[in-house]
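Residue numbers (this note's numbering): 3 to 241.
See the structure below:
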């Protein structure tokens, strides 16, 4: 439980700093871990035609329309200690439920649709003639991807990663359902704010963490806009 004794309004307590740094760690791990799969999924949806593509696209974006609690419960059924997959993972010492790593999984799942959408738009905006020219000069499709497609899509990839990071920082419903609200282990900024609202005198602490969350999220969004502006300027679309 948090200490709600009076202290300077903008001075975070040790427990609050722990929640902030834990949130940053979880969001960073969630973003980096989902990045390779996000690039692959975005490229597949942008360029490939295959049976069930609409279904795959729907599954990717499902966390955006489902209640976060439902997503968290589904993760618990799959990756919990007695879940369909989690039971087997637990036998080899890999446990996600009620661990910060599980919080990273939940945040990664919730931020994945935003990541994929930004990356897919970036891949779709690339002039296919540049890729065909590369292949005409003898480059394989794999080398064309790494030398032409990926560099041109990099701004969109960065934006997608930033949006996923910002989403992970603010995630609450899926996280608290899957890994609970354990101080020092799974208590992120959002969970800490929720805890403050449940105790008398916790308004000041909730407001401090709210300001921190707003600052971090706004910085991430401004950065994503800056990356998009830089990309458009580099391509000559803005003056």
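For each residue, glycine too, the CB sits at the ideal point set by N, CA and C. What you are looking at is a predicted structure, and each value in this text was computed from that prediction instead of being measured.
Residue environment, residue i, which counts as buried when at least 16 other CB atoms sit within 10 Å
i	result
residue 199	exposed
residue 57	exposed
residue 33	buried
residue 144	exposed
residue 13	exposed
residue 232	exposed
residue 137	exposed
residue 65	buried
residue 114	buried
residue 94	exposed
residue 102	buried
Sequence-distant residues of the same chain with beta carbon closer than 8 angstroms to residue i, five excluded per side
i	result
residue 151	45, 125, 128 and 133
Three-way DSSP call (helix, strand, coil) for residue i in this model
i	result
residue 18	helix
residue 94	coil
residue 50	coil
residue 249	Any answer about residue 249 is impossible in this case: the structure gives the chain only from 3 up to 241.
residue 99	coil
residue 127	coil
residue 24	helix
residue 87	coil
residue 241	Low local confidence applies: a pLDDT of 48 at residue 241 is under 50, so the model's placement there is unreliable, with the coordinate-based value given in what follows. The answer is coil: DSSP assigns residue 241 none of H, G, I, E or B.
residue 139	coil
residue 13	coil
Chain-order list of residues whose beta-carbon lies under 7 angstroms from that of residue i (same chain, five-residue window excluded)
i	result
residue 41	121 and 159
residue 222	164, 167 and 168
residue 98	81, 88, 104 and 107
residue 219	168, 171 and 172
residue 224	none
Nonlocal neighbours in the same chain, by C-beta distance under 6 angstroms from residue i, ignoring five residues either side
i	result
residue 215	191
residue 155	124 and 125
Q | Within the stretch 142-210, ranges of the alpha helix (DSSP H) (whole runs, at least 4 residues) | A | Note on the stretch 142-210: whole alpha helix (DSSP H) runs with a minimum of 4 residues are 143-146, 152-172, 175-181 and 191-199, in chain order.
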